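*Asks:* Sharing a structure here in structure tokens format.
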Amino acid sequence: MKRIGVLTGGGDAPGLNAVIRAVVKTATNDYGCHVLGIKNGYDGFTMPGGVFPLTAADVRGILPRGGTILGTANRGNPYARKVIVNGKEEVIDVSSDIVQAIKDQKLDALIVIGGDGTLRFAHDMFLRGIPVVGVPKTIDNDIHGTEVSFGFDTALNIATEAIDRLHTTAESHQRAMIIELMGRDAGFITLHSGVAGGADVILIPEIPFKLETVARKVLERRAHGSSFSILAVSEGARPIDGEVTYNRPGDQVFVPRLGGIGQKVGEYLESAGIETRVTVLGHVQRGGTPSAFDRWLATRYGSSAVRVAAQKHFDRMVALMNGMITDIPLLDAIAIPKRVDVNGDAVMTARGIGISFGNE
Ligand code: F6P
Numbered sequence: 064m065k066r067i068g069v070l071t072g073g074g075d076a077p078g079l080n081a082v083i084r085a086v087v088k089t090a091t092n093d094y095g096c097h098v099l100g101i102k103n104g105y106d107g108f109t110m111p112g113g114v115f116p117l118t119a120a121d122v123r124g125i126l127p128r129g130g131t132i133l134g135t136a137n138r139g140n141p142y143a144r145k146v147i148v149n150g151k152e153e154v155i156d157v158s159s160d161i162v163q164a165i166k167d168q169k170l171d172a173l174i175v176i177g178g179d180g181t182l183r184f185a186h187d188m189f190l191r192g193i194p195v196v197g198v199p200k201t202i203d204n205d206i207h208g209t210e211v212s213f214g215f216d217t218a219l220n221i222a223t224e225a226i227d228r229l230h231t232t233a234e235s236h237q238r239a240m241i242i243e244l245m246g247r248d249a250g251f252i253t254l255h256s257g258v259a260g261g262a263d264v265i266l267i268p269e270i271p272f273k274l275e276t277v278a279r280k281v282l283e284r285r286a287h288g289s290s291f292s293i294l295a296v297s298e299g300a301r302p303i304d305g306e307v308t309y310n311r312p313g314d315q316v317f318v319p320r321l322g323g324i325g326q327k328v329g330e331y332l333e334s335a336g337i338e339t340r341v342t343v344l345g346h347v348q349r350g351g352t353p354s355a356f357d358r359w360l361a362t363r364y365g366s367s368a369v370r371v372a373a374q375k376h377f378d379r380m381v382a383l384m385n386g387m388i389t390d391i392p393l394l395d396a397i398a399i400p401k402r403v404d405v406n407g408d409a410v411m412t413a414r415g416i417g418i419s420f421g422n423e
């Protein structure tokens, strides 16, 4: 192994720089390998100066830094890219151009750090002749085949701290406080931070809820002397008889943008006579320094990905299983998305300590 590339794709997550650093250090120290950084996800392969040498000096000091020194791209998928042709917008498939540009780089391996979309394209690239190894990244923790993706722990800590802060002001004003949290179609951030932060109601995509049940829970708490309530609501949660709420619809190129369910629940509570405020935590969950756990996990993932590449085990993704790093076929990781097990111990525990999921 003489020459490897590394890229970060999709939305950023705390710990990306820790993976990049581990890849560069392991590849240079253990294998005497040249590492190339790719700018802005796969786009870097087709842009001038988008592929550049990455040395140990370039990764010095980046371990605690959020974001990604390589840049990333969330511009829709390579099969449907918006471009301007003769002054007019067109949607074209640029995947073959990217695959050819990667082949031109004559890489012995390409390490792709990304979520489901980025890893899906990585698998497709393997089928088209590119030696890829994947690293699971997402704050949503929705990648199958790994216990946890890096970024999740940091997002969880940020969400928990926000819930703690809402608690004190909720109590002072005897209000219901709603916090809308990220996670797309998976409720892990909301469930875990809701339990860790002592929420009274947790609404997640996996368990559709009834607005009346949510209001009843808040009113019952009042009747029992708790004048405030905390509601942790996933951006992807929806009422049993309703739809998911988007603040921007999707199209051929972009996935729909989730957001607004917290406001809807808040309006319902207000109509039921409950003074309510809504906080949308948003991208704060993805920003800033990674937690110690994420730095540790990201470093292990980055280093292992280089070893997997050195063994020529391509079309695989490094994963955490039973606390150990292993690697699994990329296809297994992308085939089924990971979701909260509605009958699992986490949901049972939450119910057991009196948290309502708003469905009964
Ligand atoms: O997948 C990570 C995530 O932060 C989701 O939780 C959220 O729905 C989405 O990305 C937001 O994407 P963007 O950064 O494009 O607004």
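Start counting the sequence shown at 64; every next residue gets the next number (this note's numbering).
A virtual CB, placed ideally from N, CA and C, is assigned to each residue, including glycine.
Since the structure is predicted, the reported quantities are computational estimates derived from the model, not experimental observations.
#1: Can you find the residues in the same chain that come closer than 7 angstroms, C-beta to C-beta, to M64, ignoring five residues on each side of it along the sequence?
#2: Just grab the DSSP bridge partners of T342 for me.
#3: Just the Cα atoms here: how many angstroms apart are N385 and F356?
#4: Cβ of R144 within 8 angstroms of Cβ of V162?
#5: Going by DSSP, what residues sit across from L321 in a beta bridge?
#6: Look at the alpha carbon of H346 and the alpha carbon of R284, and state the distance between them as a whole number of angstroms.
#7: Identify which residue in D248, K200, D160 and V122 has its Cα closest to the Cα of F215.
#8: Determine the contact status of L99 and V86, defining contact as a CB-CB distance below 8 angstroms.
#9: From the DSSP output, in three-state form, read off S419 for me.
#10: Taking 8 angstroms as the threshold, find out whether the region 238-252 comes into contact with the region 262-281 through three or more Cβ pairs.
#11: Jot down the residue ranges of each uninterrupted beta strand (DSSP E) in the region 187-234, minimum 3 residues, whole runs only, in chain order.
#12: Could you say if the region 360-380 and the region 145-154 meet the contact criterion of at least three C-beta pairs nearer than 8 angstroms?
#13: Do A218 and Q348 have their beta-carbon atoms positioned less than 8 angstroms apart in this structure?
#14: Could you pull out every residue in the same chain whose Cβ sits closer than 7 angstroms to the Cβ of Y331, ignoring the five residues on either side in sequence?
#15: Output the boundary residues of the alpha helix (DSSP H) element that contains F377.
#16: Beta-carbon within less than 8 angstroms of Y309's beta-carbon, same chain only, minus the 5 sequence neighbours each way: which residues are those?
#17: Here's the rule I'm using: 16 or more other beta-carbon atoms within 10 Å means buried, otherwise exposed. How should L190 be labelled?
#18: Pick out whichever of I202, G257 and Q237 has its Cα sitting closest to the Cα of T223.
*Replies:* Reading it off the structure:
#1: Excluding positions up to five away in sequence, the list reads Y94, C96, D171, A172, A372 and A373.
#2: Answer is I242, bridged to T342.
#3: About 15 angstroms.
#4: Their beta carbons are not under 8 angstroms apart, which means R144 does not touch V162 by this criterion.
#5: Beta-bridge partners of L321 (DSSP): Y309.
#6: The straight-line gap from Cα to Cα measures roughly 31 angstroms.
#7: Just measuring C-alpha positions, the residue of D248, K200, D160 and V122 sitting nearest F215 is K200.
#8: No, they are not a contact pair.
#9: In the structure shown, the three-state DSSP call for S419 is strand.
#10: Touching, per the Cβ criterion.
#11: Whole beta strand (DSSP E) segments, 3+ residues: 195-199.
#12: The region 145-154 and the region 360-380 do not touch, with fewer than three beta-carbon pairs separated by less than 8 angstroms.
#13: Yes, they are a contact pair.
#14: Listed in chain order, the non-local C-beta contacts of Y331 below 7 angstroms within the same chain comprise L274 and A278, local neighbours out to five positions each way being set aside.
#15: Taken as a continuous stretch (DSSP letters only), F377 belongs to no alpha helix (DSSP H), as it is neither H nor E.
#16: Excluding sequence neighbours, Y309 sits near P319, R320, L321, G322 and G323.
#17: Classification of L190: exposed, given that the 10 Å Cβ count is below 16.
#18: The option with the nearest alpha carbon to T223 is G257.
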